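Below is one structure, written out as structure tokens, with a few remarks after it.
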Amino acid sequence: MIRKHTYIFLMLFFFFCYVEICPGKNTLTARTDKPIQITAARMEAFKNRSQIVFSGNATVVQGDSVLKAEKLILHYRQQPKTEKAQKARDNQAGDLEKIEARGNVSVVQGTRKATADEAVYVQAENKIIMTGNAELKEGKSSIRGERVIILLDEDKGIVEGGERMRVKAVIYPQERRQTENQSTMKN
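Under this note's numbering, think of the first position of the sequence shown as 29, with each following residue one higher.
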């Protein structure tokens, strides 16, 4: 049963983590066709809490995408008590509820990097929330805020300021044009 849960988790996890913004487009795509490698100092499975925890500089690699955090916590929906409920549940899309990444979270894909103190993927809403010194970078350009929300179904990102920090963007137009030209030449 744990093997099934781990497989489902990994598929959903990497859908969440290895999202990339396509060059020259405002769309998000998943990178689920590549093998996945997870390393951490420790992995713990808590059946009674429906959690799997990777801790100690957890690193997840898929293709050219890398997710790093001090700790990853996977939350699953509680197991049904009856056999009938279990069969109905097995027909659902998956049993992952949310994934938390805590402590020095970074996601790097090519020249793009997202960092925050914490990040949460909420499966039911298909969204990622990055909090605490959240920053998105591509090349030298960057945008910072207290909170970044990525709505995967809507291909939409929101950067919010707060009491401690306003949204701050630094954009290098020349660098952006060069990136777009390189993308056009590759296609």
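Quick reminder that beta carbons are idealized off the backbone N, C-alpha and C, glycines included. A quick note: this is a predicted structure, and the numbers were derived from the prediction, not measured.
Residue i, buried or exposed, once every other Cβ within 10 Å from all chains shown has been counted against 16
i	result
Glu182	exposed
Thr139	exposed
Val187	buried
Ile199	exposed
Ala73	exposed
Lys96	buried
Thr57	Summary for Thr57: the model assigns pLDDT 40, below 50, so the residue's position carries little reliability; its value from the coordinates is reported in the next sentence. Per the 10 Å Cβ criterion, exposed.
Gln202	exposed
Assumed close pair residue i, residue j - CB separation to whole angstroms, cut-off 8 Å
i	j	result
Lys99	Gly131	6 Å
Glu166	Arg192	The pair is not a contact, with the Cβ atoms about 24 Å apart (cut-off 8 Å).
Ser134	His103	With 8 Å as the limit, Ser134 and His103 do not qualify as a contact, their Cβ atoms being about 21 Å apart.
Gln151	Glu125	6 Å
Val176	Ala162	4 Å
Near the ligand FMN: residue i beta-carbon under 7 Å from a heavy atom
i	result
Lys165	Of the ligands one can find in the structure shown there are none, so the ligand FMN has no counterpart to examine.
Close Cβ partners of residue i (< 8 Å) along its chain, the five nearest in sequence each way excluded
i	result
Ala68	Phe82, Ser83, Gly84, Asn85, Ala86, Thr87 and Leu100
Own chain residues within Cβ distance below 6 Å of residue i, not counting five before or after
i	result
Gly160	Ala144, Asp145 and Glu146
Met179	The sequence as given places Leu at residue 179; Met does not occur at that position. The answer, listed in chain order, is Lys155.
Thr171	Here residue 171 is Ile; the residue named in the question, Thr, does not match the sequence. For Ile171, where only same-chain residues beyond five positions count, the Cβ hits under 6 Å are Leu164, Val187 and Ala197.
Ala142	Val135 and Leu164
Arg105	Asp123 and Glu125
Met71	Phe82
Pro63	none
Val89	Gln65
Gly185	Ile178
Gly190	Glu174
Residue range of the beta strand (DSSP E) that includes residue i
i	result
Gln79	Gln79 to Gln90
Gln137	Leu124 to Gln137
Met158	Lys155 to Glu166
Asp145	Arg140 to Val150
Glu72	Arg70 to Phe74
Lys62	Neither: Lys62 is in no beta strand (DSSP E) and is coded neither H nor E.
Ile223	Because the chain is modelled from 29 through 215, residue 223 falls outside the range shown and cannot be assessed.
Ile186	Lys184 to Glu188
Val198	Lys196 to Val198
Arg192	Unbroken run through Arg192: none, as it is neither H nor E.
Leu179	Ser169 to Leu179
Cutoff 8 Å: residue i Cβ touching any chain B Cβ
i	result
Phe82	Here there is only one protein chain, and chain B is not present.
Sequence-distant residues of its chain with Cβ nearer than 7 Å to residue i (five each side left out)
i	result
Asp92	Gln137 and Gly138
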